[in-house]
Amino acid sequence: MDTAVHLDGITKRFPGVVANDDVDLAVERGTVHALLGENGAGKTTLMNVLYGLYRPTSGQVFVDDTERRFDSPREAIDAGIGMIHQHFMLVDPMTVTENITLGNEPRKWGGLTVDRAAARDAVVDLSERYGFDVDPDARVEDVSVGEQQRVEILKALYRGADVLILDEPTAVLTPQEVEELFEVLEELTDQGKTIIFITHKLGEAMRAADEITVLRDGRNVGTVDADGTTREDLAELMVGREVLLDVDRPPTETGEVVAAASNLVVEDDRGVRAVDDVSLDVRAGEVFGIAGVDGNGQSELVEALTGLSAPESGRIEFLGEDVTDTSRRRRIESGMAYIPEDRQERGLVMDFDLVENALLGSQHSPELGPNGRIDWSATREHAESIIEEYDVRPPNPDSTSESLSGGNQQKFIVGREFSRDPELVVAAHPTRGVDVGSIEFIHERLLELRERGVAIVLVSSKLEEVQGLSDRLAVMYEGEFIDVVDPGETTEEELGLLMAGERPTEGGTDGRERQAEPGSTDAPNGGERA
Numbered sequence: 001m002d003t004a005v006h007l008d009g010i011t012k013r014f015p016g017v018v019a020n021d022d023v024d025l026a027v028e029r030g031t032v033h034a035l036l037g038e039n040g041a042g043k044t045t046l047m048n049v050l051y052g053l054y055r056p057t058s059g060q061v062f063v064d065d066t067e068r069r070f071d072s073p074r075e076a077i078d079a080g081i082g083m084i085h086q087h088f089m090l091v092d093p094m095t096v097t098e099n100i101t102l103g104n105e106p107r108k109w110g111g112l113t114v115d116r117a118a119a120r121d122a123v124v125d126l127s128e129r130y131g132f133d134v135d136p137d138a139r140v141e142d143v144s145v146g147e148q149q150r151v152e153i154l155k156a157l158y159r160g161a162d163v164l165i166l167d168e169p170t171a172v173l174t175p176q177e178v179e180e181l182f183e184v185l186e187e188l189t190d191q192g193k194t195i196i197f198i199t200h201k202l203g204e205a206m207r208a209a210d211e212i213t214v215l216r217d218g219r220n221v222g223t224v225d226a227d228g229t230t231r232e233d234l235a236e237l238m239v240g241r242e243v244l245l246d247v248d249r250p251p252t253e254t255g256e257v258v259a260a261a262s263n264l265v266v267e268d269d270r271g272v273r274a275v276d277d278v279s280l281d282v283r284a285g286e287v288f289g290i291a292g293v294d295g296n297g298q299s300e301l302v303e304a305l306t307g308l309s310a311p312e313s314g315r316i317e318f319l320g321e322d323v324t325d326t327s328r329r330r331r332i333e334s335g336m337a338y339i340p341e342d343r344q345e346r347g348l349v350m351d352f353d354l355v356e357n358a359l360l361g362s363q364h365s366p367e368l369g370p371n372g373r374i375d376w377s378a379t380r381e382h383a384e385s386i387i388e389e390y391d392v393r394p395p396n397p398d399s400t401s402e403s404l405s406g407g408n409q410q411k412f413i414v415g416r417e418f419s420r421d422p423e424l425v426v427a428a429h430p431t432r433g434v435d436v437g438s439i440e441f442i443h444e445r446l447l448e449l450r451e452r453g454v455a456i457v458l459v460s461s462k463l464e465e466v467q468g469l470s471d472r473l474a475v476m477y478e479g480e481f482i483d484v485v486d487p488g489e490t491t492e493e494e495l496g497l498l499m500a501g502e503r504p505t506e507g508g509t510d511g512r513e514r515q516a517e518p519g520s521t522d523a524p525n526g527g528e529r530a
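The opening position of the sequence shown corresponds to residue 1 in the UniProt record's numbering, with each subsequent residue numbered one higher.
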């Protein structure tokens with residue numbers, strides 16, 4: 001085997017934590033090797049050792065059969081190792097070319113100034129060589145997330161990377177962008193590059209990888225051929241037990257309308273109409289799902305429902321009260337919980353510890369903030385109960401949010417919001433960036449809330465999730481509900497057509513009877529139910 005990277009007995013300890021425990025890993029040149037595991041399993045730590053961000057406590061790193069000791073990412077880059085992090089490291093106001101060549105710009109006039117024409121030519125040549133479709137002159141802030149990711153990959157290739165590490169590369173991509181990324185990976189390996197692909201998603205590991213190594217609790221528990229394994233086998237390796245991969249949603253009785261929106265119009269931050277005359281209602285004991293490709297108005301709709309932004313027109317009711325113009329605090333106090341789409345921007349204060357983050361939204365509650373004074377002892381107990389029940393790692397309430405992996409940040413937010421004893425949960429991508437065991441756990445908690453009579457609005461770009469959990473499912477396209485369907489009687493292919501903007505006929509998609517016209521107040525998009 002022609003080995004590009006070999007890690008031998010890597011152990012990495014932090015105070016009180018063994019992140020990697022005697023890990024061996026061999027990656028064959030010209031292949032995609034998935035590093036699979038739950039959040040906190042040690043995947044990113046192991047790759048940070050390879051990339052020179054961490055020095056191992058013990059063990060050896062071999063690149064091209066030569067032992068290397070990296071004291072910084074610069075040394076790893078010089079050895080042909082590139083890493084694309086989950087949160088991109090790009091300068092938004094700068095162009096694609098400027099970001100790719102930043103710090104390594106071609107110079108002219110004896111090195112006195114940047115040769116911008118040569119830089120642009122180099123980026124164009126690199127893009128064409130690997131079949132990347134990027135505009136070298138576009139500003140990064142104006143391109144899609146998928147294009148930003150390709151810019152990050154090109155930046156690593158520009159610096160001579162032969163081994164590319166991608167940390168959770170699909171976490172913020174649409175389904176279409178995920179497929180485009182996999183095509184990029186195939187092109188890179190066809191040209192001899194080696195890819196290490198960090199993920200917790202079983203299907204994507206099997207789709208993209210040649211081999212899959214599973215980490216659990218910092219240890220390598222097995223390496224398998226992607227073609228010779230199953231999702232169930234991988235899940236059991238990851239979690240150490242059999243995992244229920246399919247949602248079991250029992251029937252339940254629904255009650256009165258808990259929340260409703262009528263003829264809602266919401267503009268985005270550019271003043272463009274993002275939600276266009278949308279109506280909906282959700283009842284006690286019901287999951288109302290919203291599917292669609294990201295960027296079709298889901299974010300703006302959620303922010304209006306939760307009080308983070310004000311609609312241009314329309315009406316929002318919660319528990320029979322008009323809350324269109326009421327504050328986010330008032331909605332929380334009335335029983336509305338919210339799992340935000342962006343956990344770092346909306347869900348947490350990153351440099352606060354978990355005790356302080358557990359308080360957010362409850363600082364005026366009688367339990368944690370009686371008489372206007374914060375009860376820090378009660379708040380610590382609250383944080384500890386969230387950490388224990390939702391298996392947040394490391395289990396230390398004094399840890400800052402930024403020190404947690406993305407999946408553990410998400411579990412903490414979910415635990416905090418579910419602990420509010422809500423009447424309504426607005427959940428935007430509640431399992432984004434979360435491992436398979438935690439996905440199962442969060443789904444079970446959502447269904448428990450449903451059984452207790454809580455109303456749930458679920459927004460997700462994962463079709464299997466939103467289809468499996470929802471009692472009714474709206475598909476959002478260009479700011480409208482293009483259709484509202486029974487998810488149990490609708491195929492993924494039909495939903496995919498709706499997500500792409502193909503409107504159903506009067507007879508419905510594939511002969512189904514339409515439930516409502518987009519934007520109408522007829523059931524089930526709002527008002528009286530069918």
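Quick reminder that beta carbons are idealized off the backbone N, C-alpha and C, glycines included.
| Asked | Found |
| --- | --- |
| How many Å lie between R107 and R29 at the Cα? | 33 angstroms |
| Put D277 into one of helix, strand or coil per three-state DSSP. | strand |
| Which runs of the beta strand (DSSP E) fall wholly inside the stretch 27-63 and span at least 3 residues, in chain order? | 32-37, 58-63 |
| Please go through the stretch 321-404 and give each complete alpha helix (DSSP H) segment of 4 or more residues, from N-terminal end onward. | 328-334, 354-359, 376-389 |
| With 16 other CB atoms within 10 Å as the buried threshold, where does F132 fall? | buried |
| If you draw a straight line from the alpha carbon of V414 to that of I339, how long is it in whole angstroms? | 6 angstroms |
| Taking buried to mean at least 16 other C-beta atoms within 10 Å of its own C-beta, is L166 buried or exposed? | buried |
| The alpha helix (DSSP H) with G445 in it runs from where to where? | Here residue 445 turns out to be Arg, not Gly, going by the sequence shown. Segment 436-451, the alpha helix (DSSP H) holding R445. |
| According to DSSP, what are the bridge partners of K155? | Paired residues: none, contrary to the question. |
| Using the three-state DSSP reduction, which class does A455 fall into: helix, strand or coil? | strand |
| For G407, which three-state DSSP category applies? | helix |
| Please say whether S438 and residue 611 have beta carbons closer to each other than 7 angstroms? | Nothing about residue 611 can be reported from this structure: the residues present for the chain run from 1 to 530 only. |
| Out of G59, V302, V140, point me to the one whose CA is closest to P311's CA. | V302 |
| Contact defined as beta carbons within less than 8 angstroms: I believe V475 pairs with G292. What is the distance between those atoms, to the nearest angstrom? | 6 angstroms |
| For G240 and R216, which I take to be in contact (beta-carbon distance under 8 angstroms), what is that distance rounded to the nearest angstrom? | 6 angstroms |
| Decide yes or no for the touch test of the stretch 273-281 against the stretch 324-331: beta carbon pairs closer than 8 angstroms, at least 3 of them. | no |
| Counting C-beta neighbours from all protein chains within 10 Å, is the total for N48 16 or more, i.e. buried, or is it exposed? | buried |
| Is it a yes or a no for the stretch 314-330 touching the stretch 483-503, going by three-plus beta-carbon pairs under 8 angstroms? | no |
| Identify whether E417 lies in helix, strand or coil by the three-state DSSP scheme. | helix |
| So is G406 in contact with chain C if we call contact Cβ pairs under 7 angstroms? | The structure shown has no chain C; it contains just one protein chain. |
| Opposite L424 in the DSSP bridges: which residues? | M336, A455 |
| By Cβ distance below 6 angstroms, which residues in the same chain neighbour E242 in space, the five residues on each side in sequence not counted? | E236 |
| Using three-state DSSP, classify D125 as helix, strand or coil. | helix |
| Please name the residue, chosen from D22, V434, A427, E356, that lies closest to R393 on a Cα-to-Cα basis. | V434 |
| Would you mind giving the Cβ-Cβ distance between L234 and I212, rounded to the nearest angstrom? I have them listed as a contact below 8 angstroms. | 7 angstroms |
| At which residues does the alpha helix (DSSP H) containing S313 begin and terminate? | Here S313 belongs to no alpha helix (DSSP H); instead the beta strand (DSSP E) covers 313-318. |
| Please name the residue, chosen from V163, E179, D162, that lies closest to T170 on a Cα-to-Cα basis. | E179 |
| Grab the span of the beta strand (DSSP E) containing N220 for me, first residue to last. | 219-225 |
| Once the 5 residues before and after D24 are set aside, which same chain residues still bring their CB inside 7 angstroms of it? | L7, D8, G9, N220 |
| State the start and end residues of the unbroken alpha helix (DSSP H) segment that holds V239. | 231-239 |
| Just to confirm the assignment, what range does the alpha helix (DSSP H) spanning E494 have? | 492-499 |
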